[in-house]
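Below: one structure, written as structure tokens.
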Amino acid sequence: GVEVLGGLREPIIERNTTIPASKSKIFTTAADNQTAVTVHIVQGERPMAADNVSLGSFNLSGILPAPRGIPQIEVKFDIDANGILNVTAKDLATQKEAKITITASTKLSKDDIEKMKKDAELYAEQDKKKKEEVEIKNEAENYIYSTEKLINQDLKDKISQEQGVQVSNAVKELKEVLEKGPAEIKPKLDALKKLVNEISAELYKNVTPPPGAGGQSEAGAASQAAGGTTN
């Protein structure tokens, strides 16, 4: 697998997969205008990348500058019949790519593999807790980013000053607990989500349909009627 945001391991080829094998996943950037990413390859089954065996890493540069979450980077794992692993990372917009070949990807001894399996079982509860901590923090940071963009750009002229202050305060409170764990993060995250949803609902409620537009059910019926087969 590969290391992703927060140090988590994202599996790509699972244990006991028949080789040769080829699998890929799409990843993205974690920061605005990021033009390079590091692909860190690990072997193991524990959720945190650092707790697994590091097989190597390489950089992909030349990514088009864009807001975080927009670039699409395909990471492809190819294992041949001899256990040699080729990892390729490609920016789907520019087609720029980088790769690494790892010859020791399946050469762990049986004892090493058995120890890795036992460690995964031994630390299962601890790993689960750590994974949950990282995931809730990642979710909170992503929601903060999207909310700030929504309020400061997309809805800047559509919400009241009071609503803007309320959201800013809720975002500030969430930022203050980001390092304190799920018990503190979740209530603040839920509060921010609730506030944003209420503002969104109010905006939609005040939208006036264009002349001649039917209700939601009529629009659905029309789309169904128009969806017949063609000759």
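All residue numbers for the sequence shown refer to this note's numbering, where the first residue is 1 and numbers rise by one.
All C-beta atoms in this analysis are idealised placements derived from N, C-alpha and C, irrespective of residue type, glycine included.
Please read all numbers here as calculations on a predicted model, not as lab measurements.
Find out if the Cβ-Cβ distance for the pair residue i, residue j is shorter than 9 Å.
i    : j    : result
V53  : A89  : no
I144 : L192 : yes
L233 : T28  : Outside the shown range of the chain, which is 1 to 231, sits residue 233, and nothing can be said about it.
I79  : T35  : no
A120 : L189 : no
L108 : M48  : no
D91  : P67  : no
K117 : G62  : no
L5   : A30  : yes
D51  : Y123 : yes
In whole angstroms, give me the CA-to-CA distance for residue i and residue j.
i    : j    : result
E148 : S200 : 14 Å
V134 : E125 : 14 Å
K99  : I12  : 16 Å
Q41  : S146 : Reading off the sequence shown, one finds Ile at residue 41, where the question assumed Gln. Answer to the nearest angstrom: the Cα atoms are 29 Å apart.
D157 : E202 : 14 Å
R46  : I159 : 45 Å
E74  : N59  : 13 Å
I102 : L85  : 5 Å
I19  : D154 : 48 Å
V177 : I185 : 6 Å
V167 : V39  : 35 Å
E162 : N142 : 24 Å
E132 : N138 : 10 Å
A222 : Q43  : In this prediction, A222 has a pLDDT of 37, which is less than 50 and means its spatial position is unreliable; what the coordinates show is noted afterwards. Cα to Cα, A222 sits roughly 52 Å from Q43.
E179 : A104 : 37 Å
E198 : G69  : 25 Å
E173 : S57  : 37 Å
With a threshold of 9 Å between beta-carbons, can residue i be considered close to chain D, or not?
i    : result
Q126 : In summary, chain D is missing from the structure at hand, where a single protein chain is found.
Please state whether DSSP places residue i in a helix, a strand or coil.
i    : result
N142 : helix
A104 : coil
D157 : coil
Q43  : strand
G228 : Legend: pLDDT at G228 = 42, less than 50; position of this residue unreliable, no value from coordinates given.
I84  : coil
A66  : coil
A183 : helix
S223 : Unreliable positioning characterises S223 in this predicted model, as indicated by a pLDDT of 35, which lies under 50. The coordinate reading is nonetheless provided below. Helix at S223.
G260 : Since the first residue of the chain shown is 1 and the last is 231, residue 260 is not available in this structure.
T147 : helix
V171 : helix
S24  : strand
Exposed or buried, what is residue i when buried is set at 16 or more other beta-carbons lying within 10 Å of its beta-carbon?
i    : result
K128 : exposed
A170 : buried
L55  : buried
V165 : exposed
Y204 : exposed
E218 : For E218, the predicted structure reports a pLDDT of 43, less than 50, and the residue's modelled location is therefore unreliable. The matter cannot be settled from this model.
Since residue i and residue j should fall inside the 8 Å C-beta cutoff, what is the C-beta to C-beta distance between them, to a whole number of angstroms?
i    : j    : result
E10  : V2   : 5 Å
P182 : I151 : With 8 Å as the limit, P182 and I151 do not qualify as a contact, their Cβ atoms being about 25 Å apart.
K115 : F77  : Between F77 and K115 the Cβ distance is about 23 Å, and since that is not below 8 Å, they are no contact.
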